[in-house]
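Numbering (this note's numbering), first residue to last: 10 to 209. Quick reminder that beta carbons are idealized off the backbone N, C-alpha and C, glycines included. Only one structure is covered here, and it is reproduced in the block below.
Listed below in structure tokens is the structure:
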């Protein structure tokens with residue numbers, strides 16, 4: 010028998026909608042979820058935080074930086090490279106294409122992420138203890154470096170999720186191998202940068 014290990018279960022997308030939010034809080038109240046991460050730009054974020062508070066804060070609440078769903082926190086005119094003509098973020102497929110083609114303005118990405126961080130603190134009343142980007146957006150240029158820049162200016166650095174699956178596990182476990190290989194390669198690079206920067 011090895012030493013006991015702690016299992017941390019984080020449910021993402023808190024604030025995405027009432028049904029998901031209610032489910033996460035029910036699981037947290039039952040002790041089955043230890044944390045969740047908040048989509049602060051969602052219109053459902055304020056009532057989600059209010060429900061979390063009423064429930065007695067049954068789990069840790071972290072930040073889910075988001076550039077692929079709903080509208081930005083900043084006025085759309087301030088972040089034109091991040092939004093479609095209707096003012097909403099580009100969905101994941103278009104986001105990835107724009108990342109690869111260099112069509113996202115790094116200054117706009119940094120500004121929007123800083124605004125989302127401020128919004129989290131406004132809603133929750135404290136900085137996030139954990140950060141996990143929605144749809145792995147932080148693994149792609151220029152989001153990762155912009156997110157790290159936002160977080161390194163804070164005195165209490167949060168835990169940032171590392172996407173780092175053992176290569177043997179990728180080979181042994183079937184399913185979505187191409188996606189997992191790509192995320193694993195990008196995630197290991199990001200993890201090294203986080204380690205060098207002194208993130209927990």
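Simplified DSSP state of residue i, which is helix, strand or coil
i: residue 178; result: helix
i: residue 44; result: strand
i: residue 206; result: coil
i: residue 79; result: coil
i: residue 152; result: helix
i: residue 110; result: coil
i: residue 21; result: strand
i: residue 72; result: strand
i: residue 88; result: coil
i: residue 130; result: helix
i: residue 58; result: helix
Which listed residue (the options) has its alpha carbon closest to that of residue i
i: residue 96; options: 82, 102, 106, 109; result: 82
i: residue 22; options: 53, 14, 13, 38; result: 53
i: residue 139; options: 20, 14, 13, 12; result: 20
i: residue 85; options: 177, 117, 15, 185; result: 117
i: residue 15; options: 42, 32, 50, 134; result: 42
i: residue 101; options: 28, 142, 120, 135; result: 142
i: residue 48; options: 39, 70, 37; result: 70
i: residue 36; options: 51, 119, 61; result: 61
i: residue 30; options: 55, 130, 105, 164; result: 55
i: residue 160; options: 59, 179, 137; result: 137
Exposure label - residue i; buried when at least 16 CB within 10 Å
i: residue 202; result: exposed
i: residue 153; result: buried
i: residue 68; result: buried
i: residue 45; result: buried
i: residue 39; result: exposed
i: residue 91; result: buried
i: residue 156; result: buried
Close-in-space but distant-in-sequence residues of the same chain around residue i (CB under 8 Å, 5 per side omitted)
i: residue 207; result: 166
i: residue 120; result: 83, 87, 88
Nonlocal neighbours in the same chain, by C-beta distance under 7 Å from residue i, ignoring five residues either side
i: residue 107; result: 99, 113
i: residue 33; result: 20, 23, 42, 45
Inter-residue spacing [alpha-carbon to alpha-carbon] between residue i and residue j
i: residue 128; j: residue 26; result: 18 Å
i: residue 169; j: residue 146; result: 13 Å
i: residue 87; j: residue 77; result: 16 Å
i: residue 225; j: residue 74; result: Since the displayed the chain opens at 10 and closes at 209, residue 225 lies outside it and no answer follows.
i: residue 115; j: residue 79; result: 20 Å
i: residue 151; j: residue 122; result: 11 Å
i: residue 63; j: residue 132; result: 14 Å
i: residue 193; j: residue 187; result: 10 Å
i: residue 13; j: residue 177; result: 23 Å
i: residue 65; j: residue 180; result: 42 Å
i: residue 28; j: residue 135; result: 25 Å
i: residue 184; j: residue 58; result: 35 Å
i: residue 171; j: residue 164; result: 20 Å
i: residue 130; j: residue 144; result: 22 Å
Nonlocal neighbours in the same chain, by C-beta distance under 6 Å from residue i, ignoring five residues either side
i: residue 173; result: 196, 197, 200
i: residue 149; result: 108
i: residue 209; result: 168
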